[in-house]
Amino acid sequence: MSNAHSNLSVSRYAIATAVLLSSASMINAAGTLNIESWRSDDANIWSDVIIPAFNKSHPDTTVYFTPTPPTQYNSALQAKLQAGTAGDLITCRPFDTSLTLFTSGYLDSLNDLKGLTEFSDVAKSAWVTDDGKDQFCLPMASVIHGFIYNKEIFKELNLSVPATRDEFFSVLKTIKSESRYSPLAMGTADQWESATMGFQNIGPNYWKGEAGRKALLEGKAKLTDEAYVNTWKELAEWKPYLGRGFEAQKYSDSQNLFTLGRAAIYPAGSWDIQTFNNQADFEFGAFPPPVTKSGDTCYISDHTDIGIGINANSPNKAAAAELLNWMASQEFAELFANAVPGFFPLSNHKIAIKDPVAQEFISWRDSCESTIRNSYQILSRGTPNLENQLWNVSAQVINGTMTPEAAAQETQNGLEQWYAPQQ
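Taking the numbering used here as reference, the numbering of the sequence shown is continuous, increasing by one, and the terminal residue is 457.
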């Protein structure tokens, strides 16, 4: 019995050693690329769609997509980079997390990468140094903000998709007065939705997108300016149209309220498309944040979310650069957009998206100006953190426990405590 147990232990040790040796050779083998990522949900898409498509033109390169659970990714990646065991390509979170990897010497500069010419400055902004001199990740995907609506409810109540703010609030009033449905499916319990699907969704139309965002960075505009106060004033007007008990309503509750057909409009990020495709048994559509008056320039939050860079210690940098250049192509853009509806390629290529709601979201790029969330670049580095402040004050404004003017003053005071251009 003990001999059998001993032999079994030896066998297990041999297998484990073989696996470790195999993993080590996989990391170092020429012509083999390993991709670090937090996007576990995309594993099958990479193995079944993206990698086979790349291999048609690059048959000699073996690619492995090796994701880590999202909540563990940052710490696990840091440990691998320090130990020298990280993959050749690093999936990049936006802004400071990846900037720190670059300044620590873990990511290569991509300034000479030919594929970068396919991307706009807004697309590249999440993975560039503060001085704009070094690009360290290739932009891969964004998420777009807007509103998703239940087409059946709109048809039942004879509603038209609103294009202006007056039309938007007229629709909300009709839903509230003439039906049992919640006009808006959003709660404030988790706070972040109030800022992400509220403030950052409707705000760009007030502060004029990139012009306003850059003015904040440069200290030429303040959060107490009319554009920001008016954004919170509109959010305060949402309160009567949220479901009963919305103050205790979490993100998942809002999703359920919409997918069960009990709410008409869902302030959204495009990432919700996949959830609603899987769970809703009704047809739904989308519309962009309404403008003040018909004909006004519209602005959308087309937020840089996923990038990809090259491990500075990779032994296969040439092959890694080949993959990145291919990922800048129209072929990759179309494959990715259709495989992951709601995550949109950031390259300038015109692509055809089969999912009708995802196609609706991306079509706004043609008619509206794109910007990104104004708290993400530089402005959330200090204490207090602007992003977290926006969560809190936006939720309070919607709850009716803080005035729009007080929200503006609190966030501006926060910036002035640490950010020199605002002092």
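Built from N, CA and C at the ideal position, the CB exists for glycine as well.
Proximity of residue i and residue j at Cβ, strictly below 9 Å
i           : j           : result
residue 375 : residue 299 : no
residue 310 : residue 175 : no
residue 406 : residue 171 : no
residue 241 : residue 265 : yes
residue 101 : residue 70  : yes
residue 132 : residue 141 : yes
residue 363 : residue 354 : no
residue 345 : residue 120 : yes
residue 288 : residue 297 : yes
residue 125 : residue 72  : yes
residue 88  : residue 424 : no
residue 250 : residue 257 : yes
residue 295 : residue 209 : no
residue 439 : residue 263 : yes
residue 107 : residue 68  : no
residue 330 : residue 284 : no
residue 28  : residue 219 : Nothing can be reported for residue 28: it is not among the residues displayed for the chain, which extend from 35 to 457.
residue 334 : residue 399 : yes
residue 316 : residue 185 : yes
residue 451 : residue 416 : yes
residue 428 : residue 109 : no
residue 135 : residue 150 : no
residue 464 : residue 191 : The structure shown does not extend to residue 464, since the chain is modelled only from 35 through 457, so no value can be given for it.
residue 397 : residue 332 : no
residue 326 : residue 239 : yes
Assumed close pair residue i, residue j - CB separation to whole angstroms, cut-off 8 Å
i           : j           : result
residue 83  : residue 373 : 5 Å
residue 156 : residue 377 : Going by Cβ atoms, the distance from residue 156 to residue 377 rounds to 17 Å, so no, they are not a contact pair.
residue 338 : residue 455 : The pair is not a contact, with the Cβ atoms about 22 Å apart (cut-off 8 Å).
residue 303 : residue 231 : 6 Å
residue 103 : residue 74  : 6 Å
residue 147 : residue 359 : 7 Å
Closest residue to residue i among the options (Cα-Cα distance)
i           : options               : result
residue 459 : 365, 409, 74 and 408  : What is shown of the chain runs 35 to 457, which leaves residue 459 out entirely.
residue 164 : 456, 203 and 410      : 410
residue 246 : 403, 453, 416 and 421 : 403
residue 436 : 230, 215, 248 and 267 : 267
residue 301 : 254, 279 and 324      : 324
residue 65  : 352, 413, 359 and 194 : 352
residue 199 : 316, 328 and 91       : 328
residue 145 : 127, 167, 397 and 109 : 167
residue 79  : 229, 368, 220 and 135 : 368
residue 306 : 361, 389 and 281      : 389
residue 130 : 248, 414 and 122      : 414
residue 281 : 259, 385, 426 and 243 : 426
residue 336 : 243, 137, 253 and 86  : 243
residue 278 : 253, 254, 293 and 215 : 215
residue 169 : 189, 195, 193 and 128 : 128
residue 248 : 446, 77, 412 and 81   : 412
residue 361 : 85, 81 and 387        : 85
residue 449 : 387, 253, 81 and 261  : 253
CB contact check: residue i to chain D, cutoff 9 Å
i           : result
residue 341 : No chain D is present in this structure, which holds just one protein chain.
Q: Assess, as a yes-or-no matter, whether the stretch 177 to 191 is touched by the stretch 226 to 237 under the definition of 3 or more beta carbon pairs within less than 8 Å.
A: yes
Curious, which full-length alpha helix (DSSP H) runs of at least 4 residues does the stretch 175 to 208 contain? 185 to 190
Point to revise | Cβ contact check for the stretch 417 to 436 and the stretch 271 to 283: 3 or more pairs under 8 Å | key: yes
> What alpha helix (DSSP H) runs, 4 residues minimum, are completely inside the stretch 79 to 162?
Replying inline: 85 to 91, 104 to 117, 130 to 137 and 155 to 158
Exercise for review: Taking only runs that begin and end inside the stretch 259 to 315, name each unbroken beta strand (DSSP E) of 3 or more residues, in chain order.
Suggested key: 297 to 303
Item checked: Validate contact between the stretch 310 to 322 and the stretch 378 to 388 using beta carbons, cut 8 Å, 3 pairs -> no
message: Is it the case that the stretch 381 to 395 contacts the stretch 201 to 211, given that we only count it when at least three CB pairs across the two stretches are under 8 Å?
response: no
If you scan the stretch 350 to 421 from start to end, which runs of the beta strand (DSSP E) of 3 or more residues do you find wholly inside it?
402 to 405
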